[in-house]
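Numbering (our numbering), first residue to last: 2 to 147. No residue lacks a Cβ here, since even glycine has one placed at the ideal position from N, Cα and C. One structure below.
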Amino acid sequence: MPTLPQSISAIVQAAIDTGRSVELDLFIVRIILERAARMQTARNAPGGKPLRLSINLTPEGLLDPRFEAHAFAAMVQAAGLQPRQLTVEVTEQQAVSDVGPLKRQARALRKLGFGFAVDDAGAGYASFTLVAALRPSIIKIDREIV
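Below, the structure written as structure tokens:
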């Protein structure tokens, strides 16, 4: 039995290894949107700044129908937020065998106003070829490289 607390990377890797990464992505997104909705309400006072946040998703999660661009935008809007307030970060912990669907999803998200980022570029499976294909607005370089 692992000792607690575990790093988020270890938790994500365990979810990937057990085929539960999409389930973890959905769980985390629901919690984040719930909390963000409460924070947004507090910021809606005159002079309040709109909330901006980033949400990490695995490549598998990003390609799940529940995260299809319009479905994800509806989820975000139901929480009282706008897509332009969110940046979707694709994590590097999972191999991408066919970049085409991921590229189309990134394009669809950007078209709806989401920011798009690649997290930990240069480590694991996030090759620079993948980064170039996805054309993210933000590239976060892995700390081992910097």
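- The Cβ atoms of K112 and A134 lie no closer than 8 Å to each other.
- Annotation: the continuous alpha helix (DSSP H) that includes L103 extends over 100 to 112.
- Per DSSP, V91 lies in no alpha helix (DSSP H) segment; the continuous beta strand (DSSP E) that holds it begins and ends at 87 to 91.
- With contacts defined as CB atoms closer than 8 Å, V13 and L25 qualify as a contacting pair.
- When DSSP states are grouped into helix, strand and coil, F117 belongs to the strand group.
- If you draw a straight line from the Cα of G81 to the Cα of A72, it comes to about 15 Å.
- A check of alpha carbon separations from L54 across N45, Q83, G20 identifies Q83 as the nearest.
- For L58, the three-state secondary structure derived from DSSP is strand.
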